[in-house]
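Only one structure is covered here, and it is reproduced in the block below.
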Amino acid sequence: MRQFWEELKRYWEIARVTWEDEVRNPKPPARTKPEREFLPAAIEITDTPASPAGRILAGLLIGLFVIGIAWSIIGKIDINATLVGRVIPTGKVKVIEPLETGSVLAIHVRNGERVEAGQLMVELDPTDSTADRERLARDLMAAELEAARLRETIRAGREGLGAREVSIETTIPMDAELLAMQSEVLLRTVAAHQAALDSLAGEREQQVAALARITSSVEEREKLVGVIGERVNMYKTLLERETGTRTNYLQVAQLLYEERANLRTEQGQMAETEAAISATYLREQETIATFLSKAVTDLADAESRLSGLTQELIKATRREARNRLHAPVSGIVRQLAVHTVGEVVTTDQQIMIIIPEDAGLEVEAMLLNKDKGFVLVEQGAEIKVDAFPFTKYGTINGIVLDVSNDAIEEEGTGLVFPVRVSMDRATMRAAGEDRALTPGMSVTVEVKTGKRRVIEYLLTPLLRYRDEAIRER
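Written out as structure tokens, the structure is:
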């Protein structure tokens, strides 16, 4: 540092001495051009002043350099985030895809045709789905008839109805063959049950008649025992008075004993008959309970199967409806991918798109990861349509509507964030007329994220290299 100051002091001393010499010895007046022409060649060259053009050019260059440096320090330029995207409808393009694999049966639209919401566009062959729906409908009808039969069977069991007093009643039309078959099963079931009850009833009636007969016999025998008992008492009295014989007494006593034995036997038979009548009654009740229990269990199974078939039929009906592709919105058909009847289409295969006719246009662009923290909603944007060079046709102003916080993977650029940008107009002026923009046009969006000085832009690479240099392993 000391050496630097010594050098600077030496140069300053030289400049001072030179200046003082020029002050003490001023230069003689400059010779005119004719005077210089008569001087010797060497002196003429020495006395001829240098051309002012060089000095002016050098001064201009120095001035421009100074102005450039000053502008780079004072002036500011915009910082733009550049996004690449495309024009899309405000309501999004509606992608039409079949939900079932099948072959094309009919095509009712053409590419570029306008369709109304709900309009039939493409029909797929419904043979398989229709067959499934019809099979399930028949199974459901059979299950409904079976459930109706079992309900009528339960009613017959509870109310004691005969085969001629029951019938299957339905509120909706049923297949005649299925109805006849279930009616036959109902009649046979009720008839068999009634026959079993009738058999038990007949058996119980026989037992009741036998009980009545035995009861009557017991009553008569009780009277006979009473009469014989009186005779025994009479013969016993005579025997005690020695007016009767012991033989007669013993004969009457034996007869009394035999009749009492017979009476006890008939009383036992009467009790057995009463027990048999009770057992027959219980068998009747058990037969009814078993009949009802089986019918109720079968009805529960039938209703469970009926519920499952109902859901299956709903799904089959929906599956059949999926073979008819309708327009979800009114719009224009684009990118129609099926053109031949019989052509096979698969699920998730795009067969066309519909561009909503009443939807405006906006831009969907992809924001690079490095710009995510600087692009905000409501920032201004400048849109350049690739189909119309901006140097000739200009740009379109826009505003950032939405910046997604969910990154998506894009081949070649890595993770990017979708951004929606509005457009203040949907046309470009070309060849003296307004040309409408259409969805799918590629665009470049420049979003102004801030300002910085020019000197910062120039020095940033140098500062980065300074910070990062000489640090590698």
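Residue numbers (this note's numbering): 64 to 536. Positions of the beta carbon are idealized from the N, C-alpha and C atoms, including for glycine. Predicted model only: the values in this text are computed from it and were never measured.
Val392 and Gln182 have their alpha carbons spaced roughly 9 Å apart.
Ile137 has its alpha-carbon roughly 39 Å from the corresponding atom of Thr81. Counting the other CB atoms within 10 Å of its CB gives Thr252 a total of 16 or more, which places it among the buried residues. Secondary-structure assignment with DSSP links Arg492 through a beta bridge to Asp497. Rounded to the nearest angstrom, the Cβ distance from Val167 to Met184 is 11 Å, too far for a contact under 8 Å.
With 16 or more other Cβ atoms from the protein chains shown falling within 10 Å of its own Cβ, Ile418 counts as buried.
Put simply, the backbone Cα of Ile170 is about 24 Å away from that of Arg196. Between Thr410 and Thr145, the beta carbon gap of about 39 Å keeps them out of contact (Cβ cut-off 8 Å).
Under DSSP, Leu430 shares a beta bridge with Phe480. Bounds of the alpha helix (DSSP H) holding Asn296 are 239-303. Ala144 sits in a strand when the DSSP states are folded into three classes.
For Asn460, the enclosing beta strand (DSSP E) begins and ends at 459-466. Apart from sequence neighbours up to five positions away, the residues of its chain that approach Asp202 with a beta-carbon distance below 6 Å are Leu372, ordered along the chain. Here the C-alpha atom of Arg387 lies approximately 9 Å from the C-alpha atom of Pro189.
Going by beta carbons, Glu321 and Arg284 fall outside the 8 Å limit. Between Gln257 and Thr350, the alpha-carbon positions lie close to 10 Å from each other. Using a Cβ distance threshold of 8 Å, Gly461 and Val426 count as a contacting pair.
Glu186 sits in a strand when the DSSP states are folded into three classes.
Under the three-pair Cβ rule at 8 Å, the region 119-127 does not count as touching the region 494-509. Taking a C-beta distance under 8 Å as the contact criterion, Ala358 and Thr216 qualify as a contact pair.
Between the C-alpha atoms of Leu71 and Arg79 there is a straight-line separation of about 12 Å. The continuous beta strand (DSSP E) containing Arg516 extends over residues 505-516. Scanning its chain for C-beta atoms nearer than 8 Å, with the 5 sequence neighbours on each side dropped, one finds around Thr403 the residues Val167, in chain order. DSSP lists no beta-bridge partner residue for His171. Counting along the chain, the unbroken beta strand (DSSP E) around Gly443 starts and ends at 443-448.
Under DSSP, Met415 forms a beta bridge with Ile159. Under the three-state reduction of DSSP output, Leu424 falls in the strand class.
Taking each of Leu199, Ile377, Ala205, Leu250 in turn and checking the Cα distance to Gly225, the smallest one comes out for Leu250. Considering only His389, Glu207, Leu326, the residue with the shortest C-alpha distance to Leu369 is Glu207.
Closest by C-alpha distance to Met333, out of Leu187, Val281, Ser367, Gly405, is Val281.
By the Cβ-count criterion, Pro236 is exposed, with fewer than 16 other Cβ atoms from all chains shown falling within 10 Å of its own Cβ. Residue pairing of Ile151 in beta bridges, as defined by DSSP: Glu425.
In this structure Glu347 does not touch Leu274 by the C-beta definition: roughly 17 Å separates them, more than the 8 Å allowed. In this structure, Ile446 lies near Val484, with their beta-carbon atoms less than 8 Å apart. Taken in chain order, the unbroken stretches of beta strand (DSSP E) that lie wholly in the region 344-419 and span 3 residues or more are 387-389, 394-397, 415-419. Excluding sequence positions up to five before and after Thr380, its CB lies within less than 7 Å of the CB of Arg196, all in the same chain and listed in chain order.
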